[in-house]
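*Asks:*
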Amino acid sequence: MEILNGKETAKSIKEEIAQAVKKRKAEGKKIPHLAAILVGMDGGSMTYINNKLKSCEECGFESTLMRYDDSVTEEVLLNKIQTLNEDKSIDGFIVQLPLPPHIDEMKVTLAIDPMKDVDGFHPMNLGKMALNLPCFISATPSGIIELLKRNKIETAGKNCVIIGRSNIVGMPLSILLSQNADPGNCTVTLAHSQTQNLAEVTRTADILIAAVGQPGFVTADMVKEGAIVVDVGTTRVEDSSKTAGWRLAGDVKFDEVAPKCAYISPVPGGVGPMTVASLMINTLKAMELKGK
Ligand code: NAP
């Protein structure tokens, strides 16, 4: 069994980006600038945003964080997005989800200029992705693709089962892995809460990807011997042995599943760091696309 080490893989990607930025700086060219909007005080969202800002620093990017109270109106947020769309110094920006219930997330997503949509959530980017056209691919699916690629995982002709069909993980990943690309060319099954006999389905997987959000959901009996398992799940669970009082748990029961796998990604240190690295790749690309 080998570990798909997202932390190390992400570190190499960020080092490559930092080199490219250093070269640009030496040539007197602009350096990438990522802006982030954070609404409220959700602990998970604050951790994700901090990781993204820290990665900007590691890559040599400029970054700007804009924070709002939970009570911010949709209008104020949409106006801010318009300002960021027009601000030539900002190459890309993200609005950290989830947003409070009184704000329409789709309205917010649609307001973002697709050329600055480095999260790749805008329908324009999702549609282009489906047609295999140049676009921003959302960070978690593209991070998983990059993790498979950089670890030289053969995907062509493999049976891939993805559990979870969200717009930000399972659905785009199912499209990417079924495309005529490398990584890609898989025969993909996209499972969800209505899937019948799930364990029977997952046991057909050469590559099993879990994006459910339920700690320990995937057990050893659901996994074929020699499978490649990617765990996307990140749920905060209580853990009194940790200073914070919690730890991140994946969707896979690692201890019992890992011995059956050819490769497995851990939580933490698997998909999470790759998501942030992909956001950095998208931000650099956003700047380069404008010919800056
Ligand atoms: P989501 O929107 O809540 O979707 C969960 C999916 O799981 C849904 O498609 C749901 O099916 C399916 N599901 C629920 N119960 C099921 C069951 N019993 N059997 C089969 N499928 C079931 O979740 P998400 O946003 O994709 O996130 C999934 C997990 O990944 C979460 O833990 C999240 O925190 C994590 N995540 C991590 C990263 C990262 O960078 N590491 C990024 C994004 C998300 P239905 O559609 O039928 O309801």
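Taking this note's numbering, I'd label the letters of the sequence shown as residues 1283 to 1574.
Every residue, glycine too, gets a C-beta built ideally from N, C-alpha and C.
These figures come from a predicted structure and were not determined experimentally.
Using a strict less-than 6 Å threshold between each residue's beta carbon and the heavy atoms of the ligand NAP, what residues do you get?
*Replies:* Qualifying residues, in the order they occur: Thr1422, Ile1445, Gly1446, Arg1447, Ser1448, Ile1450, Val1451, Gly1452, Ala1473, His1474, Ser1475, Gln1476, Thr1477, Leu1480, Ala1493, Val1494, Gly1495, Val1514, Gly1515, Thr1516, Thr1517, Val1553, Gly1554, Thr1557.
*Asks:* Along the alpha helix (DSSP H) that carries Ile1385, what are the first and last residues, could you check?
*Replies:* Where Ile1385 is concerned, there is no enclosing alpha helix (DSSP H), given that its DSSP letter is neither H nor E.
*Asks:* Is Asp1537 buried or exposed, if buried means 16 or more other CB atoms sit within 10 Å of its CB?
*Replies:* By the neighbour-count rule (16 or more Cβ atoms within 10 Å), Asp1537 is not buried but exposed.
*Asks:* With distances taken from CA atoms, which of Val1303, Val1321, Glu1344, Val1534 is nearest Val1358?
*Replies:* For the residues Val1303, Val1321, Glu1344, Val1534, the minimum Cα distance to Val1358 belongs to Val1321.
*Asks:* Could you tell me which residues DSSP pairs with Arg1518 in its beta bridges?
*Replies:* Paired residues: Leu1530.
*Asks:* What are the boundary residues of the beta strand (DSSP E) that Ser1448 is part of?
*Replies:* Counting along the chain, Ser1448 falls outside any beta strand (DSSP E), and DSSP gives it neither H nor E.
*Asks:* Between the alpha carbons of Val1558 and Lys1305, how many angstroms are there, rounded?
*Replies:* Using only the alpha carbons, I get a separation of about 22 Å.
*Asks:* Would you list the residues sitting across from Gly1374 in a DSSP beta bridge?
*Replies:* Gly1374 is bridged to Leu1316.
*Asks:* Measure the alpha-carbon distance for Ala1493 versus Gly1310 and round it to whole angstroms.
*Replies:* Approximately 43 Å between the Cα atoms of the pair.
*Asks:* Suppose you measure from the CA of Ala1259 to the CA of Asn1361; what does that come to, to the nearest Å?
*Replies:* The structure shown does not extend to residue 1259, since the chain is modelled only from 1283 through 1574, so no value can be given for it.
*Asks:* Across the segment 1544 to 1559 and the segment 1424 to 1437, are there enough close Cβ pairs to call them in contact, namely three or more that are closer than 8 Å?
*Replies:* With the cut-off at 8 Å, the segment 1544 to 1559 and the segment 1424 to 1437 touch.
*Asks:* Going by the CB atoms, is the gap between Ala1487 and Ala1509 shorter than 9 Å?
*Replies:* Against a cut-off of 9 Å, the Cβ pair of Ala1487 and Ala1509 comes out as a contact.
*Asks:* Ignoring anything shorter than 3 residues, give me the beta strand (DSSP E) runs that lie fully in the segment 1288 to 1362, in order along the chain.
*Replies:* Here the runs fully enclosed are 1315 to 1321, 1344 to 1350.
*Asks:* For my contact list, Ile1363 and Ala1318 are in at a C-beta cut-off of 8 Å; report their separation, rounded to the angstrom.
*Replies:* Not confirmed; about 12 Å, so no contact.
*Asks:* Using the beta-carbon count (16 or more within 10 Å), is Ser1371 buried or exposed?
*Replies:* Per the 10 Å Cβ criterion, exposed.
*Asks:* Tell me the rounded alpha-carbon separation between Thr1346 and Leu1455.
*Replies:* Taking the straight line from one Cα to the other gives about 29 Å.
*Asks:* Report yes if the CB atom of Ile1546 is closer than 9 Å to the CB atom of Glu1284, and no otherwise.
*Replies:* Their beta carbons are under 9 Å apart, which means Ile1546 touches Glu1284 by this criterion.
*Asks:* Tell me the DSSP bridge mates of Ile1510?
*Replies:* Ile1510 is bridged to Ile1489, Tyr1545.
*Asks:* Please list, in chain order, all residues of the same chain as Asn1564 whose beta carbon is under 6 Å from its beta carbon, the five residues on each side excluded.
*Replies:* Correct list, in chain order: Val1400, Phe1418.
*Asks:* Using the beta-carbon count (16 or more within 10 Å), is Met1569 buried or exposed?
*Replies:* Counting Cβ neighbours within 10 Å, Met1569 comes out buried, since at least 16 surround it.
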